[in-house]
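In order, the protein sequence lines correspond to chains A and B. Taking my numbering, the leading residue of the first sequence gets 1102, the next gets one more, and so forth. Taking my numbering, the leading residue of the second sequence gets 22, the next gets one more, and so forth.
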Amino acid sequence: DAGVTQSPTHLIKTRGQQVTLRCSPKSGHDTVSWYQQALGQGPQFIFQYYEEEERQRGNFPDRFSGHQFPNYSSELNVNALLLGDSALYLCASVKREPFPEQYFGPGTRLTVT
Amino acid sequence: AQSVTQPDIHITVSEGASLELRCNYSYGATPYLFWYVQSPGQGLQLLLKYFSGDTLVQGIKGFEAEFKRSQSSFNLRKPSVHWSDAAEYFCAVAPMDSSYKLIFGSGTRLLVRP
């Protein structure tokens, strides 16, 4: 049983560019959450996808958008990158029943220069 | 506003000593409660969780945590620390009405002396 996978592992982008990060949840999980973890801080919730729709959103600007595919995999897109977007982006695969548990992937380290 | 406080930024213990990491939350109702561990450059691994029932919960790697409603606390404990336990530990809560949104504390870095 594969765990949560994320790609790419590392990414370097220039300010103003756009980036797409990818995530595949654990087998049997149909819900994905995305988090941003800045250096030295705890992760912050970006949004959650279920049934190909964004269901909840944290306090992030519209530059952050996402998508979920029929196979439950998900993408996180960030437009007009800022230096402050440099962080570890974590995808969590959500086991919804009987109680919600989130299992994290290894993350994508994004550096904006 | 909902928040999670981990008052200790760093903790250093000797190998074989006991460990307690503190976590307090601020929320109107009892949320779901979690502890995660993160090794450098890695994702987060779920150590244990509390949803309801017995207030003392057991997790992986010999960790346990106790929920105290009166203190809004969910402290993590281990009776004997191993060198491999050195990592960053995060407490997280998920409000029952927004249970897919984890709110994390700022973390406690555990250092283990040989």
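For every residue, glycine included, the Cβ atom is placed at its ideal position computed from N, Cα and C.
Q) Quick one: is GLY37/B near chain A, going by C-beta distance under 8 Å? A) no
Q.
Strictly below 7 Å CB to CB, what residues from chain A border ALA115/B?
A. In chain order: PRO1201.
(Q) So with CB distances below 9 Å, who are the chain A contacts of PHE111/B? (A) GLY1143 and PRO1144
Q. Is the CB of GLN92/B under 8 Å away from at least one CB in chain A?
A. no
Q: Could you list which residues in chain A have their beta carbon closer than 9 Å to that of GLY74/B, in chain order?
A: By Cβ distance, chain A contributes nothing, its closest Cβ being about 11 Å from GLY74/B, past 9 Å.
(Q) I want to know whether the region 1187–1206 of chain A touches the region 1133–1141 of chain A - three or more CB-CB distances under 8 Å. (A) yes
(Q) Let me see if you follow: with CB-CB separation under 8 Å, is GLY126/B close to chain A or not? (A) Yes - at least one Cβ of chain A is within 8 Å of the one on GLY126/B.
(Q) So with CB distances below 9 Å, who are the chain B contacts of PRO1162/A? (A) Result: empty, since nearest Cβ-Cβ is about 17 Å, beyond 9 Å.
Q: Hey, could you find the ends of the beta strand (DSSP E) TRP1135/A is sitting in?
A: Judged by DSSP secondary structure, TRP1135/A falls within the beta strand (DSSP E) whose first and last residues are 1132–1138.
Q) From the beta carbon of SER119/B, is the nearest beta carbon of chain A less than 8 Å away? A) yes
Q. Closer than 8 Å, CB to CB, is GLY83/B near chain C or not?
A. The structure shown has no chain C; the protein chains it does contain are A and B.
Q. Identify the residues that DSSP records as bridge partners of TYR121/B: which are they?
A. In DSSP, TYR121/B forms no bridge with anything.
Q: Pick out whichever of PRO28/B, ALA86/B and LEU40/B has its Cα sitting closest to the Cα of TRP104/B.
A: Nearest C-alpha to TRP104/B: LEU40/B.
Q: Could you spell out the range, first to last residue, of the beta strand (DSSP E) harbouring ILE32/B?
A: 31–35
Q.
Considering only the alpha carbon of each residue, which of ALA108/B, PRO28/B and GLN79/B lies closest to GLN59/B?
A. ALA108/B
Q: Determine the DSSP secondary structure at GLN92/B, reduced to helix, strand or coil.
A: helix
Q. Identify the residues that DSSP records as bridge partners of ILE1113/A: which are they?
A. THR1212/A
Q. Nearest chain B C-beta to LEU1191/A closer than 8 Å, yes or no?
A. By this cut-off, LEU1191/A is an interface position.
Q) Whose C-beta lies closer than 6 Å to the C-beta of ILE124/B among residues of the same chain, with five residues either side of it excluded? A) A distance below 6 Å between beta-carbons, with the five flanking residues on each side excluded, links ILE124/B to the following residues of its chain, in chain order: GLN23, VAL25 and VAL114.
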